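Everything on this sheet refers to the single structure shown next.
Residue numbers (our numbering): 1456 to 1520.
Now the structure itself:
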């Protein structure tokens, strides 16, 4: 258990420190997103789907099978 805690602290320690030092929820969220590359991708590609609903896209794909 101690080994796991050490690994988690090593990996997530910087993120936790930034989160705890943030004053507002928005700053905490920003600190998390900056620490996690996958979370930083959230919202990317939004403009690609702006004109087409997901159901319509799937229906169009299936019609072409």
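Every residue gets a Cβ at the ideal spot worked out from N, C-alpha and C, and that includes glycine. Note that this is a predicted model, so its numbers are computed, not measured.
Could you tell me the alpha carbon to alpha carbon distance between residue 1494 and residue 1459, rounded to whole angstroms? Looking up residue 1494 in the chain shown gives position 39. Looking up residue 1459 in the chain shown gives position 4. Spanning the two alpha carbons is a distance of roughly 23 Å.
Between the C-alpha atoms of residue 1513 and residue 1505, what's the straight-line distance to the nearest angstrom? To locate residue 1513, count along the chain shown from 1; it is residue 58. To locate residue 1505, count along the chain shown from 1; it is residue 50. Approximately 15 Å between the Cα atoms of the pair.
N- and C-terminal bounds of the alpha helix (DSSP H) containing residue 1481: Translated into the one-based positions of the chain shown, residue 1481 becomes position 26. For residue 1481, the uninterrupted alpha helix (DSSP H) run begins and ends at 1480 to 1490, by DSSP.
Taking the alpha helix (DSSP H) that residue 1505 falls in, what are its first and last residues? One-based indexing of the chain shown puts residue 1505 at position 50. Element bounds for residue 1505: n/a, residue is neither H nor E.
Under DSSP, the alpha helix (DSSP H) around residue 1496 begins and ends at which residues? As a working mapping, residue 1496 is identified with position 41 in the chain shown. Per DSSP, residue 1496 lies in no alpha helix (DSSP H) segment and is marked neither H nor E.
By the 10 Å Cβ neighbour count, where 16 or more other Cβ atoms means buried, how is residue 1509 classified, buried or exposed? Numbered from 1 along the chain shown, position 54 holds the residue referred to as residue 1509. With fewer than 16 other Cβ atoms within 10 Å, it is exposed.
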